[in-house]
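In what follows, a single structure is set out as structure tokens and then discussed.
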Amino acid sequence: MKKEHLITCIVLLAAWQCAALMVSNDILIPTVTQTLSALGGLLMTAKFYTALCATVFRIACGWTLSLVCALVLSIFCALYPKFRLYFEPLKVLTQTIPNVSYIIIALIWLGSEGAVMLVSFLILFPIFMNGFMNRMDQESRECRDAEAVYPETVKIRIVKKILPELATEILSTGKTAASMGFKVGVMAEILGSVPAGIGRQINYCRMDLNTAGILAWTIVLIVLAGLINTLFGKINQKVKEEQGWKD
């Protein structure tokens, strides 16, 4: 962790502790120690790991499905540029629909369990699609002119050009999509009252007025997102080094 990041964390924790002491009401603002105690209690229970695995599995399924569909369609649009015009209205549509509308509609269609995966897909697919298309739009005019003069087979274009070009974009966009997936996924779990998951545990804490528990689960989500971002960052850096890129 950088020195500046550490200082920011210390200031935020100090402000949190001061606010909790001033309010003196653990339902409104629990202290840092109360929250850490609640977090420690969670780590010692089996329901913590059950909820964590259930949430990660649902979001991972939605993330993977979004990635695969966006990758296939992006390759198709790269091979046949006119096909891309059919997706412009869908792009505008997905950018204007509120996330909560996706969640409510998915709950009506599929119930609580399937809604999380569907919502994750509906939210993350446009993120992947836009990232991939923007990346391919950066192709130089010289490369396009060369392709027109020296056409290649579809297989060679996909394997030798399109996929390597999208490799780092998959990682950078995937990192953003993963963070967004946890936000909307847990929200869908809360609204849908899934049988198991972080969202259900947060909802239990809400009904019990256990603010320390809510903050403890929030810390879990922050740490989980941080680990995922770090993992994607390291993989992305490794890919860039292998391709001979320099930051």
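Each residue of the sequence shown is one higher than the one before, starting from 341 at the first, in my numbering. For every residue, glycine included, the Cβ atom is placed at its ideal position computed from N, Cα and C. This structure is a prediction, so every number in the text was calculated from the model and none was measured.
Would you decide whether residue i is buried or exposed? Buried here means 16 or more other CB atoms lie within 10 Å of its CB.
i: ALA360; result: buried
i: MET457; result: buried
i: THR436; result: exposed
i: TRP557; result: buried
i: GLY532; result: buried
i: THR472; result: Residue identity differs from the one stated: residue 472 is Phe in this sequence, not Thr. Counting Cβ neighbours within 10 Å, PHE472 comes out buried, since at least 16 surround it.
i: THR395; result: buried
i: LEU464; result: buried
So what's residue i in DSSP terms, helix, strand or just coil?
i: ILE437; result: coil
i: THR390; result: helix
i: ASP477; result: helix
i: LEU368; result: coil
i: THR385; result: coil
i: VAL534; result: coil
i: LYS342; result: coil
i: TYR544; result: helix
i: TYR442; result: helix
i: LEU407; result: helix
i: TYR426; result: helix
i: LEU464; result: helix
i: ASN550; result: coil
How many whole angstroms separate the CB atoms of residue i and residue j, which I take to be in contact at a CB cut-off of 8 angstroms?
i: GLN374; j: ASP366; result: 6 angstroms
i: SER460; j: GLY525; result: 5 angstroms
i: ARG475; j: GLU428; result: At roughly 17 angstroms, the Cβ-Cβ gap does not stay under 8 angstroms, so ARG475 and GLU428 are not in contact.
Identify, in the order they occur along the chain, each residue of the same chain with its Cβ nearer than 8 angstroms to the Cβ of residue i, setting aside the five sequence neighbours on each side.
i: ILE554; result: ILE542, CYS545, ARG546
i: PHE423; result: PHE416, CYS417
What does a CB cutoff of less than 6 angstroms around residue i pick up in its chain, not counting 5 residues either side in sequence?
i: THR434; result: PRO466
> Is the segment 512-531 touching the segment 395-412 in the sense that three or more CB pairs, one from each, lie closer than 8 angstroms?
Replying inline: yes
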